[in-house]
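If you count the sequence shown from 1, position 84 lands on 84 in UniProt numbering, and the numbers rise without skipping.
Don't be surprised by glycine CBs; every beta carbon is placed ideally from N, CA and C.
The structure presented is a predicted model; accordingly, all values stated were derived computationally and were not measured.
Since the structure comes first, as structure tokens, the remarks are kept for the end.
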Amino acid sequence: MNPYILAILLFGLGLGTTITFASSHWLLAWMGLEMNTLAIIPLMAQHHHPRAVEATTKYFLTQATAAATLLFASTTNAWLTGQWEIQQITHPLPTTMITLALALKIGLAPLHAWLPEVLQGLDLTTGLILSTWQKLAPFALILQIQPSNSTLLIILGLASTLIGGWGGLNQTQLRKILAYSSIAHLGWMILVLQFSPSITLLTLLTYFIMTFSTFLVFKLNKSTNINTLATSWAKAPALTALTPLILLSLGGLPPLTGFMPKWLILQELAKQNLAPTATLAALSALLSLYFYLRLSYAMTLTISPNNLTGTTPWRLPSTQLTYPLATSTAMTICLLPLTPAISALLTP
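Printed below as a string of structure tokens:
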């Protein structure tokens with residue numbers, strides 16, 4: 001893609017998110033979300049592969065549906081209460097509709113079906129943008145409206161953690177596995193949203209760091225399914241040794257960074273007398289852990305069974321920058337000891 005066009009599209013992505021962040025009026029927030037969607041569509045379809053075009057079309061239709069619902073709900077709110085402020089949304093009907101529209105935007109279960117399909121059709125770089133940056137603007141709105149319907153949030157959160165765990169079990173495609181991982185992590189964030197928005201933000205941040213590392217590892221190895229992971233020992237032995245730690249951090253095992261948000265969320269749910277919810281969420285984390293362990297096993301303990309016709313391609317040095325990967329990997333593995341400092345900052 002032409003670098004000027006790429007720069008304009010990335011600028012559009014950034015501007016759309018910033019407009020949504022800065023807006024206090026529903027129309028402006030909707031406009032920011034639309035800019036976001038329109039800026040990423042050329043990035044998704046840039047390879048002109050039928051699979052990419054299909055993914056782009058699916059993404060456009062779901063995002064347009066969500067944006068239309070959001071616009072309808074905010075208009076309904078203006079009709080019922082006479083004001084357009086995001087913070088001042090009080091009526092339960094538009095609140096519920098907006099929550100569901102934003103859930104569809106970020107891919108929370110049971111509105112998640114588009115996410116694995118779309119992510120599977122994209123290359124890893126665009127997939128990374130979709131899994132991280134595109135979640136920011138809808139999340140900013142969810143945090144601002146602080147949905148009063150707590151039952152709806154807990155149902156969305158639990159459904160997402162369970163479906164995110166179950167859905168990934170049977171997959172062999174890495175991008176679909178990462179999509180289900182994304183759904184499960186978003187479920188954890190939504191569970192704790194009404195009790196502690198700061199823990200939700202912390203979870204979102206750690207999820208971004210861990211997902212960034214995982215996508216960059218797969219990109220460095222040019223891997224898109226589990227079988228090709230098995231050849232990674234020949235490309236980058238040191239990174240292959242560290243990757244299981246990144247994956248287990250995504251799964252939330254101590255003593256890795258990914259354990260911190262899960263620990264704080266379970267503690268908060270227990271404080272709110274939601275022990276059954278916390279138990280279900282913790283059990284669903286085991287499902288996710290299984291497929292991360294599968295990836296770790298395929299990567300470090302197996303040698304690829306397929307005799308690749310050309311053995312040279314995967315021995316060529318990668319042109320990818322390694323500094324971002326090195327930084328994010330260190331953060332993915334080592335940040336757990338900062339938990340006391342972070343929880344001190346989180347407590348109001």
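Checklist entry - Do Y180 and V118 have their C-beta atoms within less than 7 Å of each other? => result The residue labelled residue 180 in the question sits at position 180 within the sequence shown. The residue labelled residue 118 in the question sits at position 118 within the sequence shown. Not closer than 7 Å, so no.
Checklist entry - Using the C-alpha atoms, what's the distance from N227 back to A29? => result Taking the sequence shown and counting its residues from 1, the one referred to as residue 29 is at position 29. Taking the sequence shown and counting its residues from 1, the one referred to as residue 227 is at position 227. The straight-line gap from Cα to Cα measures roughly 43 Å.
Next on the checklist: Can you find the residues in the same chain that come closer than 8 Å, C-beta to C-beta, to L266, ignoring five residues on each side of it along the sequence?
Outcome noted: As a working mapping, residue 266 is identified with position 266 in the sequence shown. Exclusion of the five residues before and after L266 leaves A278, A281 and A282 as the residues of its chain whose Cβ lies within less than 8 Å of its Cβ.
Checklist entry - Which one of W263, P317 and T322 has the shortest CA to CA distance from T339? => result In the sequence shown, the residue the question calls residue 339 occupies position 339. Nearest option by C-alpha distance: W263.
Checklist entry - Just to confirm, are L143 and P197 a CB contact at a threshold of 7 Å? => result The residue labelled residue 143 in the question sits at position 143 within the sequence shown. The residue labelled residue 197 in the question sits at position 197 within the sequence shown. The answer is yes: Cβ separation under 7 Å.
Checklist entry - If you follow the alpha helix (DSSP H) that K58 is part of, which residue opens it and which one closes it? => result If you number the sequence shown from 1, residue 58 lands on position 58. Its alpha helix (DSSP H) spans residues P50 to T81.
Next on the checklist: Quick check: what's the CA-CA separation for T312 versus A7?
Outcome noted: Within the sequence shown, residue 312 is the residue found at index 312, counting from 1. Within the sequence shown, residue 7 is the residue found at index 7, counting from 1. Here T312 scores only 49 on pLDDT, less than 50, and its place in the model should not be relied on; the value that follows carries that caveat. When only Cα atoms are considered, T312 and A7 end up about 33 Å apart.
Checklist entry - Once you ignore the five residues that flank L71 on each side, which residues in its own chain have a CB closer than 6 Å to its CB? => result Here the question's residue 71 lines up with position 71 in the sequence shown. If the five residues before and after L71 are omitted, its C-beta is found closer than 6 Å to the C-beta atoms of W30, all from its own chain and listed in chain order.
Checklist entry - When DSSP labels each residue in this structure, what does N170 get in the three-state scheme? => result Numbered from its first residue, the sequence shown carries residue 170 at position 170. Three-state result, N170: coil.
Checklist entry - Quick one, which of F218, L202 and L38 has its alpha-carbon nearest L345's? => result If you number the sequence shown from 1, residue 345 lands on position 345. Of F218, L202 and L38, the smallest CA-CA separation from L345 is found for L202.
Checklist entry - So, do the region 322-333 and the region 229-248 have three or more beta carbon pairs nearer to each other than 8 Å? => result Flag = yes, the region 322-333 and the region 229-248 touch.
Item to check | CB contact flag (L287, G167, <7 Å) | outcome: Along the sequence shown, one-based indexing puts residue 287 at 287. Along the sequence shown, one-based indexing puts residue 167 at 167. No. Outside cutoff.
Checklist entry - Between which two residues does the alpha helix (DSSP H) containing G251 stretch? => result As a position in the sequence shown, residue 251 is number 251, starting the count at 1. Unbroken alpha helix (DSSP H) run through G251: P237 to G251.
Checklist entry - Taking the C-alpha atoms as reference points, what is the distance between F259 and G82? => result For the purposes of this step, residue 259 is taken as residue 259 along the sequence shown, with counting starting at 1. For the purposes of this step, residue 82 is taken as residue 82 along the sequence shown, with counting starting at 1. Whole-angstrom Cα-Cα distance: 44 Å.
Next on the checklist: On the DSSP letters alone, give me the boundaries of the alpha helix (DSSP H) that A285 sits inside.
Outcome noted: For this step, residue 285 is matched to residue 285 along the sequence shown. For A285, the uninterrupted alpha helix (DSSP H) run begins and ends at A275 to T300, by DSSP.
Checklist entry - From the DSSP output, which residues share a beta bridge with N225? => result Position 225 of the sequence shown holds residue 225. BP columns for N225 point to Q173.
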